[in-house]
Structure formats: structure tokens, C-alpha cells
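S.K.:
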Amino acid sequence: MAEELRLGRTGQIVLGFLVLVSGVLVVFPATFVAGNLLGASLIFIVTILQLRVRHLKGALIEIPFFLLPFLMIYLHHPLRR
Numbered sequence: 012m013a014e015e016l017r018l019g020r021t022g023q024i025v026l027g028f029l030v031l032v033s034g035v036l037v038v039f040p041a042t043f044v045a046g047n048l049l050g051a052s053l054i055f056i057v058t059i060l061q062l063r064v065r066h067l068k069g070a071l072i073e074i075p076f077f078l079l080p081f082l083m084i085y086l087h088h089p090l091r092r
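Okay, so the sequence shown: first residue is 12 according to the numbering used here, each after it adds one.
#1: Compare the beta carbon distance of F81 and A41 with 9 angstroms and say whether it is the shorter of the two.
#2: The alpha helix (DSSP H) with F55 in it runs from where to where?
#3: Flag this pair as touching only if the region 30–45 and the region 56–70 have three or more C-beta atom pairs under 8 angstroms; answer yes or no.
#4: Would F43 and F77 be called neighbours here (beta carbons separated by less than 9 angstroms)?
#5: Mind checking whether L48 and I24 have CB atoms under 9 angstroms apart?
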């Protein structure tokens, strides 16, 4: 997939690292919103990469995944007091 999106090895590593950081931030209530916003921005970047190579179907598939972090922010962290 990364080759189709013309994403280099360094870009793959950075994107993967940021996805992992986003996942860790979502676990803790204090950084829940920041983790979700980071996750949404990464999904938006992937959508832009899809559009850059004119892969419209892939970009449209990303839309529900882009909206999911905002839904999670609206519902709040499950361990929040």
C-alpha cells in the first residue's frame, strides 16, 4: 500500500510511529483527546495520499475512519470520572 501511495521508507516509519503514539495516548484519560486528534490527522494524511495518486475509492473508504475519533471524543473516555 505504501508503494502505491509513493510513501518512502522513512515516511512509513514515521507514520507507523505516530499511529502507535496515537494509540498509546488514547488509552490514558488525560491525553485521550490529543490521541484522537492525532489519529484523525493521520487518517486525513492517508486520505490526502490516496487522492494524490487518484485512488478515489480508497479515499472514500477512509471517511468513516476519519469521523470515528471525533465520535470517541464526543462519547468521552470510558474511565473518565
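We put the CB at the ideal spot given by N, CA and C, even for glycine. All values reported here derive from a predicted model rather than from experimental measurement.
M.R.: On the basis of the data shown:
#1: Their beta carbons are not under 9 angstroms apart, which means F81 does not touch A41 by this criterion.
#2: Boundaries of the alpha helix (DSSP H) harbouring F55: 43–63, taken from the DSSP string.
#3: Fewer than three Cβ pairs drawn from the region 30–45 and the region 56–70 lie within less than 8 angstroms of each other, which leaves the two stretches out of contact.
#4: No, the pair does not count as a contact, with Cβ atoms beyond the cut-off.
#5: Not a contact, by the Cβ cut-off of 9 angstroms.
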